[in-house]
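In the working numbering, the protein residues as written are 9 to 301.
Just so you know, even glycine gets a beta-carbon here, dropped at the ideal spot from N, CA and C.
Just below is one structure, and these are the notes that go with it.
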Ligand code: URA
C-alpha cells in the first residue's frame, strides 16, 4: 500500500514512525495485553494469609424453613439481585435526560460505592462515529468525562488524524464517546462480568439513541462485551461486525498503544477501514453511492 502526503501527515500527527510496515500488515498480536495498566490489587488473593483469622459472625438460630422452598433458578436470581442490586429496567425506552439521570443514580453493582461519579459519555448525540472504551480511570472518575487521561490525549490525536474531534463540531466531525462501564473499577482492576452485565443496557441505549454509522470498539473489554465473544482482538480485526444493526470496527485501546507504539500502524489501518465504511454509509444515505456496497 502506498501513502499520499496527506496520509503521511496524518500518521506523523498520530506519532506513527515513518518506517512502519506499508505492505499487508504483519499478523496482529493474537492476545493483546490488558488495555490499561491494571494493578491487580483487590481482585487477587493476598499472598500471605492475614495473621488473625477473620471473625465469624455470631450464630443466629436458623429461620424456619418455608413450606415449599423456591425453585433453584429463582433462588439464584434472588441471590444475584441481593449482591448486585436490581438490574436497571426500562432503559431501552429512555430519552437522553432520563438515561443520564438513571446512570448518575445507578446502584446496580458495587462500583457505585467507590466511584466519585458515574461517567456517562460525551459528544454529539447524532454523531456518525461512536467510540466505545472500557471503563473510567482515575482522572475520568474525577472529571466525569471519558478518556481525559494520557490514553485520551492519544485518542484525540488519532481522531484528528482522520478529521474527527470530540469538541463541538457538526455530527460528521464530532464523535460520541462512551464506555462499557460507567463507573471506575477500584484501582483500575478489570471489570467483572456481572458489572458489565448490569451496565450493558445503558450502553445499548446510548447506541440506539445516537444511531451512528459505525461503532469503533477499542480494546479487549469493549470488543468482547459488545460482540459477545472471547476471541482476541487480533482475530477480530480486519472485518466489520455488527451490533443492534450498527457496523462495529474493532481496534486496540489507546492505552495499549501507549505501551506498544509499534501497533499504531494496525490502528491506523482500522481507522482507515472505519472511515471508508462511514463514507460509503453517508453516500448510500444521500443516494450518491455509485460503486458496489
Ligand atoms: N480507558 C477507557 O477505556 N475509558 C476511559 O474513559 C478512560 C480510559
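Residue i versus the options, residue with shortest Cα-Cα distance
| i | options | result |
| --- | --- | --- |
| residue 229 | 212, 205, 252 and 199 | 199 |
| residue 120 | 192, 287 and 274 | 192 |
| residue 96 | 188, 205 and 135 | 205 |
| residue 112 | 118, 100, 125 and 267 | 125 |
| residue 260 | 269, 252, 254 and 253 | 269 |
| residue 172 | 231, 280, 293 and 241 | 280 |
| residue 123 | 196, 241 and 180 | 196 |
| residue 169 | 292, 273, 118 and 290 | 273 |
| residue 188 | 179, 218, 225 and 156 | 225 |
| residue 183 | 190, 152 and 219 | 219 |
| residue 155 | 129, 133 and 194 | 129 |
| residue 287 | 181, 242 and 105 | 181 |
| residue 133 | 243, 217, 231 and 142 | 217 |
| residue 109 | 127, 118 and 94 | 127 |
| residue 213 | 140, 290 and 117 | 140 |
| residue 190 | 231, 143, 167 and 105 | 143 |
| residue 194 | 282, 118 and 104 | 118 |
Classification of residue i by the beta-carbon crowding that lies within 10 angstroms, buried from 16 upward
| i | result |
| --- | --- |
| residue 47 | Because the pLDDT at residue 47 is just 38, under 50, the model does not fix this residue reliably, and the value given afterwards should be weighed accordingly. Looking at its Cβ environment, which holds fewer than 16 other Cβ atoms inside 10 Å, residue 47 is exposed. |
| residue 233 | buried |
| residue 176 | exposed |
| residue 148 | buried |
| residue 236 | exposed |
| residue 248 | exposed |
| residue 295 | exposed |
| residue 253 | exposed |
| residue 161 | exposed |
| residue 221 | buried |
| residue 65 | No answer about residue 65 holds up, because its pLDDT of 37 lies below 50 and its placement is not dependable. |
| residue 115 | exposed |
| residue 262 | buried |
| residue 29 | Caution applies to residue 29, whose pLDDT of 36 falls short of 50 and renders its modelled position unreliable; the value that the coordinates give is listed next. So residue 29 counts as exposed. |
| residue 293 | exposed |
| residue 275 | buried |
| residue 201 | exposed |
| residue 209 | buried |
| residue 94 | exposed |
| residue 178 | exposed |
| residue 250 | exposed |
Paired residues, beta bridge with residue i - DSSP
| i | result |
| --- | --- |
| residue 234 | The partner list for residue 234 (beta bridge, DSSP) is empty, contrary to what the question assumes. |
| residue 139 | 185 and 224 |
| residue 98 | According to DSSP, which records beta bridges pairwise, residue 98 is partnered with nothing at all. |
| residue 218 | DSSP, once it has assigned bridges, lists no residue as partnering residue 218. |
| residue 173 | 182 |
| residue 249 | 256 |
Distance between beta carbons of residue j and residue i, contact taken as under 8 Å
| i | j | result |
| --- | --- | --- |
| residue 138 | residue 215 | 7 Å |
| residue 107 | residue 99 | 7 Å |
| residue 256 | residue 245 | About 11 Å separates the two Cβ atoms, so there is no contact after all. |
| residue 174 | residue 266 | Contact flag wrong, Cβ pair sits at about 18 Å. |
| residue 231 | residue 223 | No, residue 231 and residue 223 are not in contact; Cβ-Cβ is about 10 Å, not under 8 Å. |
| residue 186 | residue 211 | 6 Å |
| residue 290 | residue 150 | In fact, because the Cβ distance is near 37 Å, the residues do not count as touching under 8 Å. |
Short CB-CB distance (under 8 Å) between residue i and chain D
| i | result |
| --- | --- |
| residue 173 | Of the chains in the structure shown, none is chain D; there is only one protein chain. |
Residue i: CB within 7 Å of a non-hydrogen atom of the ligand ADP
| i | result |
| --- | --- |
| residue 215 | With respect to small molecules bound, the structure shown includes the ligand URA and not the ligand ADP. |
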